[in-house]
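Going down the list, the sequences are from chains R and H. Residues in the first sequence are numbered from 254 upward in steps of one, following the working numbering. Residues in the second sequence are numbered from 690 upward in steps of one, following the working numbering. For each residue, glycine too, the CB sits at the ideal point set by N, CA and C. These numbers were taken from a predicted model, which means no experiment stands behind them. This report refers to the structure that appears directly beneath it.
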Amino acid sequence: MLDLRGRHLVSPSDLTLPEIDSIITLAQDMQRQRGAYSDICRGKILATLFYEPSTRTKLSFESAMLRMGGSILGFSDANASAVAKGESIADTVRVMDAYADILVIRHPKEGAPKLAAGYSRVPIINGGDGGHQHPTQTLTDLLTIHACKGKVEGLSVAFCGDLKYGRTVHSLIETLARYPGSKFYLISPEELVLPPRLKEQLLRTSNCEVFECRHMEEALPYVDILYMTRIQKERFFNEADYLRLKNSYILDGAKLSQAKRELIVMHPLPRVNEIAYEVDNDPRAVYFAQAECGVYVRMSLMAHLLGVTCS
Amino acid sequence: MIKVAGIKRGTVIDHVTAGKGLWIFNKLNLASLGHPVVLLMNVPSERLGRKDIIKIEDYTQVDTAMLGLIDATITVNIIENEQVVAKTQVTLPQVVSGLFACGNPRCVSNSDQYVMPIFELYEAESRAYVCEYCEEITKVAWK
Numbered sequence: 254m255l256d257l258r259g260r261h262l263v264s265p266s267d268l269t270l271p272e273i274d275s276i277i278t279l280a281q282d283m284q285r286q287r288g289a290y291s292d293i294c295r296g297k298i299l300a301t302l303f304y305e306p307s308t309r310t311k312l313s314f315e316s317a318m319l320r321m322g323g324s325i326l327g328f329s330d331a332n333a334s335a336v337a338k339g340e341s342i343a344d345t346v347r348v349m350d351a352y353a354d355i356l357v358i359r360h361p362k363e364g365a366p367k368l369a370a371g372y373s374r375v376p377i378i379n380g381g382d383g384g385h386q387h388p389t390q391t392l393t394d395l396l397t398i399h400a401c402k403g404k405v406e407g408l409s410v411a412f413c414g415d416l417k418y419g420r421t422v423h424s425l426i427e428t429l430a431r432y433p434g435s436k437f438y439l440i441s442p443e444e445l446v447l448p449p450r451l452k453e454q455l456l457r458t459s460n461c462e463v464f465e466c467r468h469m470e471e472a473l474p475y476v477d478i479l480y481m482t483r484i485q486k487e488r489f490f491n492e493a494d495y496l497r498l499k500n501s502y503i504l505d506g507a508k509l510s511q512a513k514r515e516l517i518v519m520h521p522l523p524r525v526n527e528i529a530y531e532v533d534n535d536p537r538a539v540y541f542a543q544a545e546c547g548v549y550v551r552m553s554l555m556a557h558l559l560g561v562t563c564s
Numbered sequence: 690m691i692k693v694a695g696i697k698r699g700t701v702i703d704h705v706t707a708g709k710g711l712w713i714f715n716k717l718n719l720a721s722l723g724h725p726v727v728l729l730m731n732v733p734s735e736r737l738g739r740k741d742i743i744k745i746e747d748y749t750q751v752d753t754a755m756l757g758l759i760d761a762t763i764t765v766n767i768i769e770n771e772q773v774v775a776k777t778q779v780t781l782p783q784v785v786s787g788l789f790a791c792g793n794p795r796c797v798s799n800s801d802q803y804v805m806p807i808f809e810l811y812e813a814e815s816r817a818y819v820c821e822y823c824e825e826i827t828k829v830a831w832k
């Protein structure tokens with residue numbers, strides 16, 4: 254287990270590949286023998302500062318801390334906290350870091366966790382900032398990919414849906430591009446393509462291949478992983494644009510029949526209608542197992558950042 | 690031609706593209722500096738044809754990062770005892786703090802007033818800077 258004590262996790266690039274491996278390896282062990290870790294965070298407190306709604310991220314962080322014997326506090330509605338009185342992120346963090354040993358922050362403003370990290374004396378974890386980054390979802394995704402494929406390198410991955418505002422996509426694609434042999438298929442309407450800077454970064458700094466397409470069927474026969482995303486109503490300034498694009502991609506049984514037998518279908522959840530319910534019964538659909546991975550990977554991450562381990 | 694005496698100590702902002710002198714004067718807030726300042730406009734120049742010059746007496750702390758963003762032709766001369774002791778050709782700064790706002794309306798630096806926007810040069814040719822907070826690109830239009 255590598256020493257990450259006291260570090261922040263704002264972006265996946267804050268972690269080296271060996272550090273990511275260390276988190277994944279410990280998460281795998283926690284998944285195998287959860288009981289062995291049930292007391293390692295006794296006396297530790299996690300504060301969840303959620304300025305934006307969340308189910309999986311918030312509850313999986315809380316579950317992770319509780320499963321390690323620690324305690325939790327926090328808020329899930331900015332209107333029910335001092336934020337409603339106009340308190341800044343900086344002031345909230347400077348107060349909360351005295352109340353807790355580790356903070357996870359979700360915020361609609363992009364860069365808010367980076368700002369918070371500059372004011373905190375305890376580790377800050379980015380639980381998702383606007384359409385920017387979601388590094389713990391990436392760790393969750395990597396644990397899932399390891400479990401299903403036994404490796405992360407050399408995979409062909411299709412990202413489908415909202416690639417412009419999809420923070421889970423940004424974090425995962427940036428991270429997978431650091432592993433050799435990655436091939437990406439970017440499936441989105443023209444209005445929701447991957448931000449040009451990110452695409453340029455992929456092409457400039459890594460050896461991955463990138464293909465863009467408008468239809469799912471163009472990529473489906475060739476990929477090992479299909480990463481579906483929701484068209485996010487909350488990221489649009491204009492509702493008419495959302496309504497026009499929300500049904501752009503729907504994965505159903507007929508489309509899935511064109512894919513490889515070894516394909517896995519991932520989704521950070523929640524889904525709206527982009528995956529038909531009939532797909533849930535296909536063994537290639539792994540998104541609920543993926544959500545479960547989120548607990549173990551967050552246990553491992555917090556254990557690393559707090560510097561606690563199994564005795 | 691108008692003759693303006695040299696300064697004993699201070700800063701000469703030379704080779705300003707003709708017409709930008711007044712804008713720089715205002716951008717650097719030189720009127721409220723409290724030091725004698727001279728703005729010369731449309732001065733003949735071998736290099737530029739015409740140029741503007743700003744002379745500031747007893748003051749050497751000009752913001753060269755801002756000058757680099759505004760006009761890459763500028764030379765900044767620091768004067769001591771009527772001699773040029775340092776000559777700097779301004780360039781686009783590698784890192785910029787607080788001189789312009791992030792172009793991303795969802796960036797935290799645009800919503801929390803105490804946050805100093807910080808950028809790193811991404812591509813000089815297009816004058817593109819990447820935001821330290823949201824990592825979006827902002828192209829600086831000052832030129």
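Interface residues of chain R facing residue i [CB-CB closer than 7 Å]
i	result
Ser800(H)	Lys362
Contact list for residue i against chain H, beta-carbon separation under 8 Å
i	result
Ile342(R)	Val797, Asp801
Gly383(R)	Arg795, Cys823
Closer than 9 Å at the beta carbon, the chain H residues around residue i
i	result
Ala337(R)	Within chain H, no residue comes near Ala337(R); the closest Cβ sits about 15 Å away, beyond 9 Å.
Leu368(R)	Val797, Ser798, Asp801, Val804, Tyr822
Supposed contact pair residue j and residue i - C-beta distance, whole angstroms, cut 8 Å
i	j	result
Gly407(R)	His385(R)	Their Cβ separation, rounded to whole angstroms, is 28 Å, which puts Gly407(R) and His385(R) out of contact at 8 Å.
Leu756(H)	Ile696(H)	Rounded, the Cβ-Cβ distance is 18 Å, inconsistent with contact.
Thr749(H)	Thr780(H)	Actually they are not in contact, since the Cβ atoms of Thr749(H) and Thr780(H) sit about 19 Å apart, beyond 8 Å.
Ala353(R)	Leu326(R)	7 Å
Ser435(R)	His387(R)	With 8 Å as the limit, Ser435(R) and His387(R) do not qualify as a contact, their Cβ atoms being about 19 Å apart.
Pro361(R)	Tyr304(R)	6 Å
Val410(R)	Val476(R)	6 Å
Leu558(R)	Arg258(R)	7 Å
Lys740(H)	Val705(H)	6 Å
Gln485(R)	Asp394(R)	Actually they are not in contact, since the Cβ atoms of Gln485(R) and Asp394(R) sit about 17 Å apart, beyond 8 Å.
Cys466(R)	Tyr438(R)	6 Å
Thr777(H)	Val765(H)	5 Å
Ala349(R)	Cys413(R)	Residue identity differs from the one stated: residue 349(R) is Met in this sequence, not Ala. Their Cβ separation, rounded to whole angstroms, is 37 Å, which puts Met349(R) and Cys413(R) out of contact at 8 Å.
Val397(R)	Gln543(R)	Per the sequence shown, the amino acid found at residue 397(R) is Thr instead of Val. So it is a contact: roughly 4 Å between Cβ atoms.
Gly323(R)	Arg295(R)	7 Å
Met555(R)	Ala317(R)	6 Å
Tyr818(H)	Glu824(H)	The Cβ separation is near 11 Å, so there is no contact.
Ser553(R)	Leu279(R)	4 Å
Residues that residue i contacts on chain R, provided the C-beta gap is smaller than 9 Å
i	result
Ile826(H)	Pro448, Pro449, Arg450
Beta-carbon neighbours of residue i, restricted to chain H and to distances below 7 Å
i	result
Ala331(R)	Within chain H, no residue comes near Ala331(R); the closest Cβ sits about 13 Å away, beyond 7 Å.
Ala365(R)	Val797
Residue range of the unbroken alpha helix (DSSP H) whose run includes residue i
i	result
Pro474(R)	No alpha helix (DSSP H) contains Pro474(R), which DSSP labels as neither H nor E.
Leu554(R)	540-559
Gly259(R)	Segment: none, Gly259(R) is in no alpha helix (DSSP H) and carries neither H nor E.
Met755(H)	753-759
Leu711(H)	710-716
Boundaries of the beta strand (DSSP E) in which residue i is found, first to last residue
i	result
Leu447(R)	Where Leu447(R) is concerned, there is no enclosing beta strand (DSSP E), given that its DSSP letter is neither H nor E.
Ala775(H)	772-778
Glu348(R)	The question names Glu, but residue 348(R) in the sequence shown is Val. Careful: Val348(R) lies outside any beta strand (DSSP E), inside the alpha helix (DSSP H) at 342-352.
Gly327(R)	324-328
Lys436(R)	436-440
Asn766(H)	764-769
Ser734(H)	726-734
Ile742(H)	738-746
Ile702(H)	699-706
Contact with chain A by residue i, beta-carbon distance below 7 Å
i	result
Ala370(R)	This model lacks chain A altogether; the protein chains it does include are R and H.
- Query: Does the stretch 768-780 of chain H come within contact of the stretch 789-809 of chain H, defined as at least 3 CB pairs closer than 8 Å?
  - Reply: The stretch 768-780 of chain H makes no contact with the stretch 789-809 of chain H, as fewer than three CB pairs between them are under 8 Å.
- Is there contact between the stretch 494-508 of chain R and the stretch 522-529 of chain R, where contact requires at least three CB pairs shorter than 8 Å? Yes, the stretch 494-508 of chain R is in contact with the stretch 522-529 of chain R.
- 4-residue-minimum alpha helix (DSSP H) runs that sit fully inside the stretch 262-322 of chain R, ordered along the chain: Taking only runs of at least 4 residues, the alpha helix (DSSP H) segments lying wholly in the stretch 262-322 of chain R are 270-285, 309-320.
- Could you tell me whether the stretch 709-717 of chain H touches the stretch 547-561 of chain R, using the rule of 3 or more Cβ pairs below 8 Å? Counting C-beta pairs with one atom in each stretch, the stretch 709-717 of chain H and the stretch 547-561 of chain R have fewer than three that are closer than 8 Å, which means they do not touch.
- Task: Decide if the stretch 398-406 of chain R is in contact with the stretch 803-818 of chain H; the criterion is three or more beta carbon pairs, one per stretch, under 8 Å apart.
- Result: Short answer: they don't touch.
- Message: Under 8 Å, with one C-beta from each stretch per pair, do the stretch 517-526 of chain R and the stretch 535-547 of chain R reach the 3-pair mark?
- Response: Three or more pairs of CB atoms, one per stretch, sit closer than 8 Å, so the stretch 517-526 of chain R contacts the stretch 535-547 of chain R.
- Quick one: complete alpha helix (DSSP H) runs, 4+ long, within the stretch 464-535 of chain R? Given a length threshold of 4 residues, each whole run of the alpha helix (DSSP H) inside the stretch 464-535 of chain R is given here in chain order: 469-472, 492-498, 506-509.
- Which runs of the beta strand (DSSP E) fall wholly inside the stretch 781-831 of chain H and span at least 3 residues, in chain order? Within the stretch 781-831 of chain H, the complete beta strand (DSSP E) runs of at least 3 residues are 784-786, 807-812, 817-820, 826-828.
- Any beta strand (DSSP E) of 3 or more consecutive residues that is wholly inside the stretch 359-426 of chain R: The stretch 359-426 of chain R contains these whole beta strand (DSSP E) runs: 377-382, 409-413.
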